[in-house]
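Peer 1: Got a structure here, written out as structure tokens. Questions coming.
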Amino acid sequence: MVLKKKPVWIDTDIGIDDAIAILAAMKLEELDIIGFSAVAGNTVLENTYRNARNVPYLCGKEYEVYKGADKPLVLDLRTSAKVHGNNGLGGVIVEDSPLTHTDKLAWDALYEACKEYGDKLKVVAIGPLTNIAITIEKHPDFINFCKEVYVMGGGIEKGNISPFAEFNFFCDPHAAKVVFDSGIKVHLFPLNVTHQVYITEEEFEKIEKMGNMATDLIVKMLKAVYTGRLNAFHQHDSCPLIYLVHPEYFDNKECHIEMEVDDKERIGESRLCEEGSINTVLHMNVDRDRFMETVIDCYSKY
Ligand SMILES: [Ca+2]
73 MVLKKKPVWI
83 DTDIGIDDAI
93 AILAAMKLEE
103 LDIIGFSAVA
113 GNTVLENTYR
123 NARNVPYLCG
133 KEYEVYKGAD
143 KPLVLDLRTS
153 AKVHGNNGLG
163 GVIVEDSPLT
173 HTDKLAWDAL
183 YEACKEYGDK
193 LKVVAIGPLT
203 NIAITIEKHP
213 DFINFCKEVY
223 VMGGGIEKGN
233 ISPFAEFNFF
243 CDPHAAKVVF
253 DSGIKVHLFP
263 LNVTHQVYIT
273 EEEFEKIEKM
283 GNMATDLIVK
293 MLKAVYTGRL
303 NAFHQHDSCP
313 LIYLVHPEYF
323 DNKECHIEME
333 VDDKERIGES
343 RLCEEGSINT
353 VLHMNVDRDR
363 FMETVIDCYS
373 KY
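Under our numbering, the first residue of the sequence shown is numbered 73, with each subsequent residue one higher.
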């Protein structure tokens, strides 16, 4: 199969930072988004499924969206409504997409897409890893087709929910463990790198002045939640997507990551280990200015 663009699958618990990342990715000309799967995380599945359909539709595109897990593998769901509002988009209401609903579930759709595209398909996971873990468990040959996943999650000696854990891995540490232990190589974009891509007041004003459908939504969502502390907003979920087109912005190293699922205090910790087989490409630094330039350029194309 000769492809002009990189086919991409996005698994998302679409809250504000997911929406902002997806809006940038939709304008990266090198990428061809072929589908979305929705997972519970930032907000409940009903919201993430709806947002994954409606945010692209608002900005002129329709994609197939497949429903996935409504709760983590083992733990109860703990959303982050404080950060993402009751609907995941800071309370901003977006018109419903008229696209027909599908009964096919995330793990079956993702499996079929990987079978069709092989390792050319870039699987990007920007929510808890529940859907990816279920795909691995339900379809044992999935790992023959999917060799790498691009994951926003974790932190190396850094957390944002606890001192040890980042939200996606804290939400479903057992799923993260299944993925790290599966044999699929994880391109990991932890808090250490995502915290480098904050947005400045000046950049926000530039985005606000664009006044298009995408930037109007971005501005409304950020104003709803981050007023007065814009630099607290980080482009977490844009990292793996921008990496697919601009790997030269990032510094990385191969390593072994182990997930903590047992210790009550440290649950959700992604631990960098000296020993153990390589299961991760760990991205720890990014050229912030070039990254933000690229993201802002994407928003200007709406
Ligand atoms: Ca997310």
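Beta carbons are placed, not taken as given, at the ideal position from N, Cα and C, and that holds for glycine.
Specify the secondary structure class of P144 as computed by DSSP and reduced to three states.
Peer 2: Numbered from 1 along the sequence shown, position 72 holds the residue referred to as residue 144. P144 falls in the coil class under three-state DSSP.
Peer 1: Can you give me the C-alpha to C-alpha distance between K281 and E365, rounded to a whole angstrom?
Peer 2: Numbered from its first residue, the sequence shown carries residue 281 at position 209. Numbered from its first residue, the sequence shown carries residue 365 at position 293. Whole-angstrom Cα-Cα distance: 15 Å.
Peer 1: In angstroms with no decimal places, state the Cα-to-Cα distance between N123 and N303.
Peer 2: Locating residue 123 in the sequence shown gives position 51, where the first residue counts as 1. Locating residue 303 in the sequence shown gives position 231, where the first residue counts as 1. Cα-Cα distance, rounded: 24 Å.
Peer 1: Which residues in the same chain as F242 place their Cβ atom closer than 6 Å to its Cβ, once the five residues preceding and following it in sequence are excluded?
Peer 2: As a first step, residue 242 must be located in the sequence shown, where it is residue number 170. Closer than 6 Å at Cβ, skipping near neighbours: I233, G340.
Peer 1: Do three or more CB pairs link the region 319 to 333 to the region 187 to 197 at distances below 8 Å?
Peer 2: Contact between the region 319 to 333 and the region 187 to 197 is absent, because fewer than three Cβ pairs lie under 8 Å.
Peer 1: Answer yes or no: does any C-beta atom of chain D fall closer than 8 Å to that of G283?
Peer 2: Absent from the structure: chain D. Only one protein chain is present.
Peer 1: In whole angstroms, what separates the C-alpha of A110 from that of S349?
Peer 2: As a first step, residue 110 must be located in the sequence shown, where it is residue number 38. As a first step, residue 349 must be located in the sequence shown, where it is residue number 277. Each residue's Cα considered, the two are about 31 Å apart.
Peer 1: Smallest Cα separation from E274: which of R301, S254, G107?
Peer 2: Position 202 of the sequence shown holds residue 274. With distances taken between Cα atoms, E274 lies closest to R301.
Peer 1: Taking Cβ to Cβ, would you say V80 is nearer than 8 Å to I106?
Peer 2: Along the sequence shown, read from residue 1 onward, the residue named residue 80 stands at position 8. Along the sequence shown, read from residue 1 onward, the residue named residue 106 stands at position 34. Yes, they are a contact pair.
Peer 1: Quick one: what's got a C-beta closer than 8 Å to E326's C-beta in the same chain, skipping five residues either side?
Peer 2: By one-based count along the sequence shown, residue 326 stands at place 254. I350, T352, V353, L354.
Peer 1: Ignoring anything shorter than 4 residues or poking outside the region 86 to 127, list the alpha helix (DSSP H) runs there in chain order.
Peer 2: Counting only runs of 4 or more, we get 88 to 97.
Peer 1: I think A141 touches N203, with their Cβ atoms under 8 Å apart; what is that distance to the nearest whole Å?
Peer 2: In the sequence shown, counting from the first residue as 1, residue 141 sits at position 69. In the sequence shown, counting from the first residue as 1, residue 203 sits at position 131. Contact flag correct, Cβ pair sits at about 6 Å.
Peer 1: Report whether the distance from the Cβ of T84 to the nearest heavy atom of ligand 1 is below 7 Å.
Peer 2: Position 12 of the sequence shown, counting from 1, holds the residue named residue 84. Under cutoff, so the answer is yes.
Peer 1: Does the beta-carbon of T299 have 16 or more other beta-carbons within 10 angstroms, so that it is buried, or is it exposed?
Peer 2: Looking up residue 299 in the sequence shown gives position 227. Exposed.
Peer 1: With three or more C-beta pairs closer than 8 Å as the rule, is the region 290 to 298 touching the region 329 to 347?
Peer 2: Because the criterion of three Cβ pairs below 8 Å is not met, the region 329 to 347 and the region 290 to 298 do not touch.
Peer 1: Does DSSP put S342 in a helix, in a strand, or in coil?
Peer 2: Position 270 of the sequence shown holds residue 342. Correct three-state label for S342: strand.
Peer 1: Alpha carbon to alpha carbon, how far is A247 from E209? Give it in angstroms, no decimals.
Peer 2: Along the sequence shown, one-based indexing puts residue 209 at 137. Along the sequence shown, one-based indexing puts residue 247 at 175. Their backbone Cα atoms lie some 10 Å apart in a straight line.
Peer 1: Hey, could you find the ends of the beta strand (DSSP E) Y371 is sitting in?
Peer 2: The sequence position of residue 371 within the sequence shown is 299, counting from 1. Counting along the chain, Y371 falls outside any beta strand (DSSP E), though it belongs to the alpha helix (DSSP H) covering 360 to 372.
Peer 1: Runs of 4 residues minimum, wholly inside the region 153 to 192: which ones carry the alpha helix (DSSP H) assignment?
Peer 2: Segments of the alpha helix (DSSP H) lying fully in the region 153 to 192: 153 to 156, 178 to 189.
Peer 1: Does the count of Cβ pairs from the region 146 to 159 and the region 76 to 90 closer than 8 Å reach three?
Peer 2: Touching, per the Cβ criterion.
Peer 1: For V265, I'd like the list of residues in its chain whose CB is within less than 8 Å of its CB, leaving aside the five on either flank, ordered along the chain.
Peer 2: For the purposes of this step, residue 265 is taken as residue 193 along the sequence shown, with counting starting at 1. Excluding positions up to five away in sequence, the list reads C311, F322, H355, M356, N357, V358.
Peer 1: Does the Cβ of S254 have 16 or more other Cβ atoms within 10 Å, making it buried, or fewer, making it exposed?
Peer 2: Within the sequence shown, the letter at position 182 stands for residue 254. Burial call: buried.
Peer 1: Name the residue from Y135, M224, Y371, G227 whose alpha carbon lies nearest to the alpha carbon of E277.
Peer 2: The sequence position of residue 277 within the sequence shown is 205, counting from 1. Among Y135, M224, Y371, G227, the Cα nearest to that of E277 is on Y371.
Peer 1: Is I198 a contact residue of ligand 1, with contact defined as CB to any heavy atom under 7 Å?
Peer 2: Indexing the sequence shown from 1 puts residue 198 at position 126. Flag set: Cβ of I198 near ligand 1.
Peer 1: For N126 and E167, which I take to be in contact (beta-carbon distance under 8 Å), what is that distance rounded to the nearest angstrom?
Peer 2: Counted from its first residue, the sequence shown places residue 126 at position 54. Counted from its first residue, the sequence shown places residue 167 at position 95. Confirmed, Cβ separation roughly 7 Å.
Peer 1: According to the neighbour-count rule (16 or more other Cβ atoms, all chains shown, within 10 Å of its Cβ), is H308 buried or exposed?
Peer 2: Position 236 of the sequence shown, counting from 1, holds the residue named residue 308. The residue in question, H308, is buried, as its Cβ has 16 or more Cβ neighbours within 10 Å.
Peer 1: Suppose contacts are defined by Cβ-Cβ distances below 8 Å. Is K133 in contact with L103 by that definition?
Peer 2: Numbered from 1 along the sequence shown, position 61 holds the residue referred to as residue 133. Numbered from 1 along the sequence shown, position 31 holds the residue referred to as residue 103. In this structure, L103 does not lie closer than 8 Å to K133 by Cβ.
Peer 1: Cβ of N114 within 7 Å of any heavy atom in ligand 1?
Peer 2: Your numbering for residue 114 matches position 42 in the sequence shown. At least one heavy atom of ligand 1 is nearer than 7 Å to the Cβ of N114, so yes.
Peer 1: Smallest Cα separation from F375: which of Y222, A153, V137?
Peer 2: In the structure displayed, the chain extends from 73 to 374; residue 375 sits before or after that span and is not available.
Peer 1: Less than 8 Å between C-beta atoms, sequence neighbours within five positions excluded: which residues of the same chain meet that for L177?
Peer 2: What you label residue 177 is simply residue 105 of the sequence shown in a count that begins at 1. Excluding sequence neighbours, L177 sits near Y138, K139, G140.
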